[in-house]
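Asker: For the record, the sequence lines run as chains F and G. Be aware that the first sequence starts at 167, since it is given in this note's numbering, and climbs by one per residue. Be aware that the second sequence starts at 167, since it is given in this note's numbering, and climbs by one per residue. Glycine included, C-beta positions come from ideal geometry on N, C-alpha and C. These numbers come from a predicted model, not from an experiment. For reference, the structure I am asking about is given below.
There are 2 protein chains.
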Amino acid sequence: MVHDMSGGHETAERSDSLGIADLAVERTKERFPETDADAMSIVLWLHRVANVITYDLESSVHRPRGLSWPAFRLMFTIWVSGTMESKAAASQSGMSRAAVSSLTNTLDNLGLVTRTADPSDKRKILLDLTDAGRVTLEAALRENNVQESKWTAGLAPDEATELVRLLRKLGDVATDEWVNLRD
Amino acid sequence: MVHDMSGGHETAERSDSLGIADLAVERTKERFPETDADAMSIVLWLHRVANVITYDLESSVHRPRGLSWPAFRLMFTIWVSGTMESKAAASQSGMSRAAVSSLTNTLDNLGLVTRTADPSDKRKILLDLTDAGRVTLEAALRENNVQESKWTAGLAPDEATELVRLLRKLGDVATDEWVNLRD
DNA sequence: CTCAACTAGTTCAAGGTTTTATCAACCACT
DNA sequence: AGTGGTTGATAAAACCTTGAACTAGTTGAG
């Protein structure tokens, strides 16, 4: 399947983490024939593709700007929803409340996010972006999207639509009672 | 669109992290019309669905057995490929060499993994599962697959096939030169 | 045969995440 | 009002990850 075989067994060098998924399913199926191979393939590929893309985005877009991937996610969430309670920010960004607490602490010190007590309920903390935070986030967001575009350029428009539809369908399962969610 | 409006603004409770993706794309498109919305949707959904599933698998299957998700991933990699160099384990499991080094240290102490020097090249370390490691992994693997099955049960067989095809296509981009990979 | 360049693995510091525990504030019921 | 039960946020301890620096072993060009 691969053109250049010159190196003997040195063929696959760049990111084995993807190529290995099929072998993994094969071996598991051999050893445990009752395995649901489709389920396994989906979860493996999902996880690995998401990981590779996330690593690329974080290392090529966000780290050079001084943001971690979680910091970008959290700031983006606040940017989208506007002033919001810490708890809502956690659930919408997919982190635990503790993670948001510690991350906002960092971002507050960097002057990117503000934390103010909610006057109507003093337990609550309202998060918002500072002007500097907004500027930082918007620049990162644009560059992030350019990079996302490079990743998905190979998919036809209808493939993109279908992929999102299937991911959405899979994500809907999260509303089932047996699913363990953060918090 | 939603049936129950009784609570006023208390409608969406379980995992907002999924519902928010569409709003995020909308807002970004408003603010930056040049945004590639398809690319953004794909990456957002990919990341969030992968995260929710991973969290569920880790917290419901692996933590109760005393394994972290990374530990499971690494042990699974070794289980699939057999005795292997630390470097290969890193690239196939999608972690950095440093992460593998620290993780194998833990797993070695737990008696799940062995590290032996390669006689032919003393720089190299060969990793393998112990018998206990194999037993532990295989039990976790079976339970993991049962849970994966629950997640994907809602997809028709052809949808499952198509989803994997599209993920694979997306993953293939990782071979492009501009992509930042771990290591 | 030797020295420079490279490679495999480890270590370190810094930061992020998790779970569990704690504390403060709120709410509802008597 | 008070008291018990929630809820929101933070703190602590343990673990994982990253990038950079470091050690040691290997390779190969002259």
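Going along chain G, which residues have a C-beta under 7 Å from residue 213(F)?
Answerer: By Cβ distance, chain G contributes 216, 220.
Asker: Using three-state DSSP, classify residue 272(F) as helix, strand or coil.
Answerer: Of the three classes helix, strand and coil, the one that applies to residue 272(F) here is helix, per DSSP.
Asker: DSSP three-state label for residue 261(F), please.
Answerer: Coil, per DSSP.
Asker: Out of curiosity, what's the CA-to-CA distance linking residue 161(F) and residue 243(G)?
Answerer: Shown here, chain F extends from 167 to 349; a query on residue 161(F) therefore has no answer.
Asker: Could you please tell me which residues of the segment 288–303 of chain F, in chain order, have their CB closer than 8 Å to any CB of chain G?
Answerer: Of all residues in the segment 288–303 of chain F, none has a Cβ within less than 8 Å of some Cβ in chain G.
Asker: Return the CA-CA distance between residue 212(G) and residue 185(F), expressed in angstroms with no decimal places.
Answerer: For residue 212(G) and residue 185(F), the distance between alpha carbons rounds to 19 Å.
Asker: Among the residues of its own chain, which have a CB less than 6 Å from the CB of residue 294(G), if the five just before and after it don't count?
Answerer: Here the set comprises 249, 280.
Asker: Determine whether the Cβ of residue 249(F) lies closer than 9 Å to any Cβ atom of chain G.
Answerer: Residue 249(F) does not count as touching chain G.
Asker: Consult DSSP for residue 172(G) and reduce its assignment to one of helix, strand or coil.
Answerer: Bear in mind that the predicted position of residue 172(G) carries a pLDDT of just 33, short of 50, making it unreliable; the figure below should be weighed with that in mind. Coil.
Asker: Only counting the same chain, and skipping five residues up and downstream in sequence, which positions put a Cβ closer than 6 Å to that of residue 231(F)?
Answerer: Cβ within range, chain order: 306.
Asker: Going by other Cβ atoms of all chains shown within 10 Å of its Cβ, with 16 needed for buried, is residue 320(F) buried or exposed?
Answerer: With fewer than 16 Cβ atoms within 10 Å of its Cβ, residue 320(F) is classed as exposed.
Asker: Throw me the rounded Cβ distance for the residue 240(G) and residue 255(G) pair, which I believe falls under 8 Å.
Answerer: Confirmed, Cβ separation roughly 6 Å.
Asker: Whole alpha helix (DSSP H) runs in the segment 175–218 of chain F with 4 or more residues, listed along the chain?
Answerer: Entirely contained in the segment 175–218 of chain F, the alpha helix (DSSP H) runs reaching 4 residues are, in chain order, 182–197.
Asker: Measuring CB atoms only, is the segment 187–203 of chain F touching the segment 187–201 of chain G, in the sense that at least three cross pairs come out at less than 8 Å?
Answerer: Judged by Cβ distances under 8 Å, the segment 187–203 of chain F makes no contact with the segment 187–201 of chain G, as fewer than three pairs qualify.
Asker: Tell me the rounded alpha-carbon separation between residue 176(F) and residue 182(F).
Answerer: With a pLDDT of only 36 at residue 176(F), under the threshold of 50, the placement of this residue in the model should not be trusted; the figure read from the coordinates follows. Computed Cα separation, rounded: 12 Å.
Asker: Take residue 191(F) as the anchor and find which of 343(G), 314(G), 341(G), 342(G) has the nearest alpha-carbon.
Answerer: Answer by Cα proximity: 314(G).
Asker: At a Cβ threshold of 9 Å, is residue 236(G) touching chain F?
Answerer: Taking Cβ atoms only, chain F never reaches closer than 9 Å to residue 236(G), which makes this a no.
Asker: Measure the C-alpha to C-alpha separation of residue 266(G) and residue 288(F) and round it to an integer number of angstroms.
Answerer: Their backbone Cα atoms lie some 45 Å apart in a straight line.
Asker: Compute the Euclidean distance between the alpha carbons of residue 331(G) and residue 322(F), then round it to the nearest angstrom.
Answerer: So the alpha carbons of these two residues sit roughly 13 Å apart.
Asker: Residue 342(F) to residue 292(G), Cα distance in whole Å?
Answerer: Spanning the two alpha carbons is a distance of roughly 42 Å.
Asker: So, under 8 Å CB-CB, residue 286(G) and residue 349(G) are touching, yes? Tell me the CB distance rounded to an integer number of Å.
Answerer: About 23 Å separates the two Cβ atoms, so there is no contact after all.
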